[in-house]
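Participant:
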Amino acid sequence: MLKEIIKFGAPWCQGCTSADMALEQYQAMHPEVVVSKVDIEEDEDLANTYKVRGLPTLIFLDLEGKEVTRYTGKITIQDLIKIINDNGLQ
């Protein structure tokens, strides 16, 4: 099961806007899932800890807080749901 999605982004990142919209739609359907947004310019250490190399990067954590998968790039709600379903996180 999915516990949390962490989105790493930046204010100047255009793809981050579409990721925000997809995450907001997903969270409206699944309020039990925590969605965290990290600005890499404000929290470089956390971005380095997760080895973020591109924006936006979404990191999917299971109930134990372990990374199951990640996705980098522009994303839609349909893409987001597919990633979650393909990784057995629903």
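The end of the sequence shown is residue 346 by this note's numbering, with every number in the run present. Virtual Cβ for every residue (Gly too), placed ideally from N, Cα, C. From a predicted model like this one, the values you see are computed outputs, not experimental measurements.
Could you check how far apart the C-beta atoms of Thr325 and Ile339 are, in whole angstroms? I think they sit under 8 Å.
Facilitator: 7 Å
Participant: Output the residue ranges of the alpha helix (DSSP H) runs that lie fully inside the segment 261–296 and measure 4 residues or longer, sorted by chain position.
Facilitator: 270–285
Participant: Tell me the rounded alpha-carbon separation between Glu297 and Asp342.
Facilitator: 31 Å
Participant: Express the C-alpha separation of Gly344 and Lys259 in angstroms, rounding to a whole number.
Facilitator: 12 Å
Participant: Looking only at its own chain, which residues have a Cβ that is under 6 Å from the Cβ of Val290, when we skip the five neighbours before and after it?
Facilitator: Correct list, in chain order: Glu260.
Participant: Excluding sequence positions up to five away, which residues of its chain have a Cβ less than 7 Å from the Cβ of Ile333?
Facilitator: Same-chain partners within the cutoff: Ala278, Gln281 and Tyr282.
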